[in-house]
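Notes to accompany the following structure.
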Amino acid sequence: MEISEIEKRIARGEDETLELKSSVPPPDVIANQLASFANAKGGALILGVKEPAQFIGVNASRAKSAIDAALRYLSPRIDINVEVHEIGGRDIVIVSVAAAPHLIATRGGYYRRIGVHTRPLTADEIVGHARKNDSSDTAIKELSAVVSEQTKTIDRLRDDFNKANSIPLKVAIAVGGALIGVIGKYMADHLF
């Protein structure tokens, strides 16, 4: 992409095919954004730009690492194009994504770009997409994998919560607190 074209696109601001970030977001945020473009009309994520058309710049190496990590969250993997351009002495990173013929999942589910917003797809939208593209087997397998991962995460969080709120743990904390209080009181009364 030519610099003049980049500057014109950025000057128009965010839309359904353009997202601007002033810094490098975490990989899961990048993955959600890339999937949202792939599940819609395609688009570009530009790092190092703050609206309105303010070139902040980012560390290109750090950005590329975060983008590589983000790609591991996507299922199935997608092809992207990453470009680094220097504008005004600052590096900006452009990640371009084409529209995918089938749904792209991230660890958090399925996302789509609508207007200037990225939002999760509803169950009806996922089913509608699968029917429209006659890719129900692929979409159902992908959806099944995402739901399975989410179920595992929910189960793990529930187990962690239950362990953290178990009666033996609460008793141990109360007894430990009481012992610390007694020891503190004894030390204050007898040593000082």
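FYI, the numbering for the sequence shown is 1 to 192, going by our numbering. Glycine residues also receive a C-beta, built at the ideal position from the N, C-alpha and C atoms.
**Request:** Note down the Cα distance separating Ala-178 from Asn-165, rounded to an integer number of angstroms.
**Result:** 19 Å
**Request:** Check whether the Cβ of Phe-55 lies closer than 8 Å to any Cβ atom in chain B.
**Result:** No chain B is part of this structure, which consists of one protein chain only.
**Message:** Helix, strand or coil, according to DSSP, for Val-127 in the structure here?
**Reply:** In this structure, DSSP gives Val-127 a helical state, which the three-state scheme calls helix.
**Request:** Would you kindly check if the distance between the Cβ of Ala-44 and the Cβ of Ala-11 is under 8 Å?
**Result:** no
**Item:** CA nearest to the CA of Pro-26, picked from Lys-8, Ala-40, Ala-70
**Value:** Ala-70
**Asked** So what's His-190 in DSSP terms, helix, strand or just coil?
**Response** helix
**Prompt:** Counting along the chain, where does the alpha helix (DSSP H) carrying Ser-75 start and finish?
**Reply:** From DSSP, Ser-75 is part of no alpha helix (DSSP H); its letter is neither H nor E.
**Prompt:** From what residue to what residue does the alpha helix (DSSP H) around Lys-8 run?
**Reply:** Looking at the DSSP string, the run of the alpha helix (DSSP H) that includes Lys-8 is 3–12.
**Residue range of the unbroken alpha helix (DSSP H) whose run includes Ile-30** = 27–38
**Asked** How would you label Glu-5, buried or exposed, when you count the other beta carbons within 10 angstroms and need 16 or more for buried?
**Response** exposed
**Contact under 8 Å by Cβ, Arg-131 with Asn-39** = no
**Message:** Within 8 Å, do at least three Cβ pairs link the segment 117–126 to the segment 86–96?
**Reply:** no
**Request:** Compare the beta carbon distance of Val-116 and Leu-34 with 8 Å and say whether it is the shorter of the two.
**Result:** no
**Request:** Label Val-175 either buried or exposed according to how many other C-beta atoms from any shown protein chain fall within 10 Å of its C-beta, with 16 as the threshold for buried.
**Result:** exposed
**Request:** Name the two residues that bound the continuous beta strand (DSSP E) containing Lys-21.
**Result:** 18–21
**Prompt:** Taking DSSP as the reference, what is the three-state secondary structure of Val-49?
**Reply:** strand
**Cβ neighbours of Gly-42 in the same chain (closer than 6 Å, five flanking residues each side left out)** = Val-97, Ala-98, Ala-99
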